[in-house]
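Structure first, commentary second.
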Ligand code: SF4
Ligand code: SF4
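Residue numbers (this note's numbering): -16 to 54.
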C-alpha cells in the first residue's frame, strides 16, 4: 500500500514543514508548500506540524502500473 502526503488549500507559506522534513522533500512553490513524493518517506512529521491543516494524507490501496498491450 502506498502512502502519500499532499498539500491542499490553506497553506500560509509559514515554511514550518519545509524545515521540519527530515528528507528535505518539501520546497516552497508559488501556490504554497510542495512535497516531492519521490523523496518523501511518509513519516508524517509535516502533517503533524502544519498549524493550518493544509497537509492531507492519502492512502492509495492499489495502482495499475501498466495496461496490457493490445497489439
Ligand atoms: S506547515 Fe502547512 S501552512 Fe506551513 S508551509 Fe507547510 S503546508 Fe504550508
Ligand atoms: S511525510 Fe515526512 S518525509 Fe514526507 S514530506 Fe512530510 S515530513 Fe517530509
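We put the beta carbon where it would ideally sit given N, CA and C, even for glycine.
query = In terms of residues, what are the limits of the beta strand (DSSP E) holding residue 16?
reply = 15 to 18
key: Range covered by the alpha helix (DSSP H) that runs through residue 3   = -1 to 3
inquiry  = For residue 38, list the residues DSSP reports as bridge partners.
reply    = -10
task = Grab me the residues of residue -6's own chain with a C-beta within less than 7 Å of its C-beta, minus the 5 sequence neighbours each way, in chain order.
result = 15, 16, 35 and 37
Residue 26 vs residue 0 beta-carbon contact at 8 Å = no
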